[in-house]
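Peer 1: Its first residue numbered 17, the sequence shown is counted upward by one per residue in our numbering.
One structure is given below, represented as structure tokens, and several questions about it will come after.
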Amino acid sequence: MALLLLLKLLVTEDPAEVIHSSWAWDIDACSSSLQVRRPELFDHGNRVLVHVPVCRHRVASDRHAVGAWSWNVIDTIIAGRLFLRYQLPTDVAAAEHVQVVRAMEPRNKIIDQRVVPQPWNGYDGGVVAIWSDDTLTIDAPITASGKGYFQLVRSWNTADTLARSFGDSTISEPGSGGSACPGWRQIDTASMWLAETIGGKPHNAGGAGGTSAGAGGQGGKSSTAFADVFVASGRPRRPSDDGSRLLFGSSGASGHGNDLDAGRGGSAGGAVVIRTRHLRLNRGSNISADGINGRDARHDAAGGGGGAGTIMIDALTVDGDGLLSVRGGHGGSTHSTLFLSGPGGGGGGGSILTTVSLPSTVRCAVDGGSAGDAHAQYVADSTLRHAAQQGSAGTLNTAIPSWQPSAARVQHMRLRRSDSVVPAGSQAILWSEGAERTLWLDDLESIAGDSVRTQPVEAGRWYRARMFGKDGCTRVDSIFVRVMPASTALIVSIGDLRARAGDSVDVYLNVRTASIPARPIEGVAYVSTHPNLLLPIGAAATVSRGRTRIQFPFRLGATTATYRRDQLQAALGDSSSVQLSIDSVRLSDASITVQRRHGRFTLDGICQLDGRRRLFSNTPVYSIRGRSVTTMAAEVLISDVLGRPLAQYRSIDGKGLTFTINPELDGLVFVVFYDETSLLTVPLWLQRASGL
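Printed below as a string of structure tokens:
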């Protein structure tokens with residue numbers, strides 16, 4: 017049953033829009049380009065957020081730029097290298113390890129599907145970045161809860177509990193919580209930050225909660241089975257947030273275990289960054305970057321709750337009714353049999369940062385997580401915190417500055433071409449724009465200045481150049497010259513057909529071209545004809561708007577011709593010959609020309625009556641509903657395709673002659689209405705299971 021419930025939850029969970037990130041490195045000396053691990057995530061013109069997620073600095077210094085960030089725009093991508101529109105800030109450019117987050121750019125100005133980030137994996141992830149130039153309406157959850165740092169080390173488990181002091185050589189290091197920085201690190205000229213979280217010490221002490229804008233709570237005391245009491249102390253909160261840092265919380269730490277049952281620390285909250293002119297939160301919308309609860313333990317100590325992350329909103333106005341939540345995770349609880357073990361400390365609350373005051377209808381939650389409980393089956397009062405502490409609250413700052421692009425905009429240097437598409441065998445002219453000097457890297461003919469002419473182009477290819485700017489920066493750019501494809505012509509035709517009334521008619525569509533196409537051609541041909549002479553049989557053909565219509569999907573691959581077939585039913589109609597018309601042909605490649613060749617159907621074996629063909633006339637008037645037929649004609653005759661009369665049920669009233677066709681009849685029949693001056697034959701296709 018539990019498995020079925022889990023499968024149901026997995027199936028019914030709303031789909032989510034995932035915001036992807038890529039680890040990046042090798043920022044150039046001009047702070048305008050960097051190499052990314054996954055260039056396929058990005059395209060020209062994408063808005064991105066460049067973020068320093070960890071304490072790794074390429075310059076020997078005690079100062080670390082963890083959390084530094086900036087928006088940017090991708091100008092071009094060459095060989096996995098992103099060239100940016102704006103120079104990166106100094107703090108970001110000096111980092112050895114950054115991540116590039118592709119921003120979500122809502123095109124319909126509304127987010128109506130759950131949005132989550134790619135989880136932090138040790139290199140990248142954990143950030144939701146959204147950029148809109150207009151009013152943005154949030155109508156679905158956006159969450160980075162638990163998507164930040166996680167406990168890298170497995171839960172700490174020693175082989176015994178005999179150690180009595182921290183300095184005992186038999187005690188290995190506890191399972192500390194994951195964080196941006198190991199140990200104390202100076203992150204600005206006045207502030208130090210210890211981000212990692214301390215795990216439980218020996219004797220089943222609980223893990224501390226993860227630190228964030230609020231301090232993480234200390235873990236619970238060691239087991240009451242021992243005289244000595246040890247606790248995993250919490251860490252002080254990080255320096256106040258002013259919007260210059262985009263920080264995750266630290267994950268909670270593991271409790272100590274000697275029975276392989278220690279609870280792991282909860283994962284930290286990531287970050288959500290929204291940049292828009294006006295933000296509207298619809299009722300029920302929820303933006304969150306909460307920490308995750310620490311794991312409970314049954315025989316050992318529990319894990320600390322994860323520290324919350326950051327929500328940053330850069331907007332001129334915010335209105336509506338929603339929730340912004342950066343709550344710390346709760347510490348895990350213990351459920352021992354005889355003795356109390358240490359529960360986990362609560363995670364610290366995170367940061368909510370905005371450029372504008374929030375209305376009272378928008379609720380903000382920055383609470384720290386509560387500490388876990390200590391339970392024991394044979395202890396009278398077993399719901400004590402056992403010295404575990406809750407995490408402290410985070411911060412709300414509604415006066416951070418709005419992001420502004422760097423004044424040092426990257427010098428605009430790029431390649432240009434005279435024609436985007438050239439005929440095969442012709443030449444294209446290339447030149448650089450905005451560069452002081454250009455070094456062309458391919459075989460090109462110099463014309464004047466930095467302008468060059470290509471060799472005759474037979475197939476599309478890239479041309480590269482190294483451009484030197486006045487600011488001393490260098491950029492390698494490339495441009496593609498495309499060869500105009502040879503015109504492809506398709507001939508789509510329907511053959512001439514003949515049949516007798518009642519026969520099945522095979523209708524063939526022929527598609528051909530003079531040579532095998534360079535890539536497969538897919539399309540649909542729409543064919544129609546007169547409905548009283550050719551009737552639908554299968555589902556592919558229908559009658560609509562006074563025509564019998566057929567759709568012929570086709571695909572022309574490594575061949576010069578293909579055929580498609582459908583069937584119609586021939587019937588006596590109001591004409592002895594009609595056109596099979598190819599109304600239109602829709603193709604996957606709009607550059608292909610189409611020649612349409614229509615066909616003709618002729619009805620054979622037409623009877624003569626008084627020297628005239630036995631075909632439909634426009635009178636008398638009749639109506640058919642199901643198998644019930646009403647007419648003002650003097651007489652009605654039902655016959656099969658061979659002209660043999662068939663049984664019927666009839667009645668006469670003020671509305672005329674009404675009769676019911678035998679429900680046992682199946683297949684094609686003809687209903688003949690006649691009076692003194694006119695004759696009308698109507699073909700009917702009967703199906704016994706579903707009626708007329």
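Just so you know, even glycine gets a beta-carbon here, dropped at the ideal spot from N, CA and C.
This one's a predicted model, so the numbers in the text were calculated from it and none came from an experiment.
With a threshold of 7 angstroms on Cβ separation, who are the neighbours of SER462 within its own chain once the five nearest residues in sequence on each side are excluded?
Peer 2: Closer than 7 angstroms at the Cβ level, and outside the excluded window around SER462, lie VAL468.
Peer 1: Give me, in chain order, the residues of the same chain whose beta-carbon lies closer than 7 angstroms to that of THR711; leave out the 5 immediate sequence neighbours on both sides.
Peer 2: Shown here, the chain extends from 17 to 708; a query on residue 711 therefore has no answer.
Peer 1: With DSSP as the reference, label LEU297 as helix, strand or coil.
Peer 2: If DSSP states are grouped into helix, strand and coil, LEU297 belongs with the strands.
Peer 1: Which of the three DSSP states is assigned to THR227 in this structure?
Peer 2: Three-state result, THR227: coil.
Peer 1: Just reading off the alpha helix (DSSP H) that ALA109 is part of, what are its end residues?
Peer 2: Its alpha helix (DSSP H) spans residues 106-109.
Peer 1: Suppose the cutoff is 7 angstroms on Cβ atoms and the five residues either side in sequence are ignored; what does the same chain contact list for GLY96 look like?
Peer 2: Correct list, in chain order: GLN51, VAL52, PRO55.
Peer 1: Measuring alpha carbon to alpha carbon, tell me which residue in ASP150, MET328, ARG253 is nearest GLY292.
Peer 2: Inspection of the sequence shows that residue 292 is occupied by Thr rather than by Gly. Ranking ASP150, MET328, ARG253 by Cα distance to THR292 puts ASP150 first.
Peer 1: Does the distance from the CB of VAL114 to the CB of ILE90 come in under 8 angstroms?
Peer 2: No.
Peer 1: Throw me the rounded Cβ distance for the ARG480 and ASP458 pair, which I believe falls under 8 angstroms.
Peer 2: The pair is a contact, with the Cβ atoms about 6 angstroms apart (cut-off 8 angstroms).
Peer 1: For MET648, count neighbouring Cβ atoms within 10 angstroms of its own Cβ and tell me buried if that reaches 16, exposed if not.
Peer 2: MET648 comes out exposed.
Peer 1: Where DSSP assigns a beta bridge to GLN567, which residues make up the other side?
Peer 2: Per DSSP, TYR542.
Peer 1: Can you tell me where the beta strand (DSSP E) holding ASP435 begins and where it ends?
Peer 2: Element bounds for ASP435: n/a, residue is neither H nor E.
Peer 1: Taking its Cβ as the centre, do 16 or more other Cβ atoms sit within 10 Å of VAL70, making it buried, or is it exposed?
Peer 2: VAL70 is buried by the Cβ-count criterion.
Peer 1: Taking the straight line between their C-alpha atoms, what separation do you get for ILE187 and SER238?
Peer 2: Reliability of the predicted coordinates at ILE187 is poor, the pLDDT of 40 falling under 50, and no value is obtained from them.
Peer 1: Please report the Cβ distance between LEU673 and VAL652, rounded to the nearest whole angstrom; I am assuming they are in contact, meaning their Cβ atoms lie under 8 angstroms.
Peer 2: That belief holds up - the Cβ atoms of LEU673 and VAL652 are roughly 6 angstroms apart, short of 8 angstroms.
Peer 1: Can you give the Cα-Cα distance for VAL688 and ARG613, rounded to whole angstroms?
Peer 2: Approximately 36 angstroms between the Cα atoms of the pair.
Peer 1: Please identify the residue among VAL645, GLY450, ALA381, VAL143 whose C-alpha is closest to the C-alpha of VAL492.
Peer 2: The candidate whose alpha carbon is nearest that of VAL492 is GLY450.
Peer 1: Would you call the CB atoms of ALA404 and ALA415 closer than 8 angstroms?
Peer 2: Cβ atoms of ALA404 and ALA415: not closer than 8 angstroms.
Peer 1: Under the rule that 16 or more other beta-carbon atoms within 10 Å means buried, what is SER376, buried or exposed?
Peer 2: Flag for SER376 reads exposed.
Peer 1: Cutting at 6 angstroms between CB atoms, please list the residues of its own chain near SER560, excluding the five before and the five after it.
Peer 2: There are no such residues.
Peer 1: How about GLY360 and GLY322: are their beta carbons less than 8 angstroms apart?
Peer 2: No, the pair does not count as a contact, with Cβ atoms beyond the cut-off.
Peer 1: Quick one: what does DSSP say GLU449 is sitting in, helix, strand or coil?
Peer 2: Here GLU449 sits in strand by DSSP.
Peer 1: By Cβ distance, which residues of its chain are closer than 7 angstroms to ARG528, with the 5 residues on each side in sequence left out?
Peer 2: Excluding sequence neighbours, ARG528 sits near ILE507, THR576, ALA577.
Peer 1: Please report the straight-line C-alpha distance between SER267 and ILE537, rounded to a whole angstrom.
Peer 2: Going by the C-alpha atoms only, they are around 54 angstroms apart.
Peer 1: Count Cβ pairs between the segment 34-49 and the segment 120-134 that sit closer than 8 angstroms; are there 3 or more?
Peer 2: Yes, since at least three Cβ pairs between the segment 34-49 and the segment 120-134 fall closer than 8 angstroms, the two stretches touch.
Peer 1: Is there contact between the segment 288-307 and the segment 342-351, where contact requires at least three CB pairs shorter than 8 angstroms?
Peer 2: Enough Cβ pairs lie closer than 8 angstroms, so yes.
Peer 1: On a CA-only basis, which of ASP487, VAL437, PRO255, ALA392 is nearest VAL473? Give me that one, please.
Peer 2: Of the listed residues, the one whose Cα sits closest to VAL473 is VAL437.
Peer 1: Assign TRP478 to buried or exposed, taking buried as 16 or more other Cβ atoms, counted over all protein chains shown, within 10 Å of its Cβ.
Peer 2: Burial call: exposed.
Peer 1: Secondary structure at PRO417, three-state DSSP: helix, strand or coil?
Peer 2: Three-state DSSP puts PRO417 in coil, outside helix and strand.
Peer 1: May I have the straight-line CA-CA distance separating GLY362 from SER38, to the nearest angstrom?
Peer 2: Going from the Cα of GLY362 to the Cα of SER38 covers about 31 angstroms.
Peer 1: What number of angstroms, rounded off, separates the C-alpha of ASN298 from the C-alpha of ASN124?
Peer 2: When rounded, the distance between both Cα atoms is 15 angstroms.
Peer 1: Is GLU461 helix, strand or coil by DSSP?
Peer 2: GLU461 falls in the strand class under three-state DSSP.
Peer 1: For the beta strand (DSSP E) that contains ASN220, what are its first and last residues?
Peer 2: Careful: ASN220 lies outside any beta strand (DSSP E) and carries neither H nor E.
Peer 1: With a threshold of 6 angstroms on Cβ separation, who are the neighbours of THR240 within its own chain once the five nearest residues in sequence on each side are excluded?
Peer 2: Taken in chain order, the residues that qualify are PHE355, LEU356.
Peer 1: Out of ALA145, GLY348, ALA324, SER256, point me to the one whose CA is closest to GLY384's CA.
Peer 2: Closest option to GLY384, Cα to Cα, is ALA324.
Peer 1: Could you have a look at SER661 and say whether DSSP puts it in helix, strand or coil?
Peer 2: Correcting the residue identity first, residue 661 is Pro in this sequence and not Ser. Three-state DSSP puts PRO661 in a strand.
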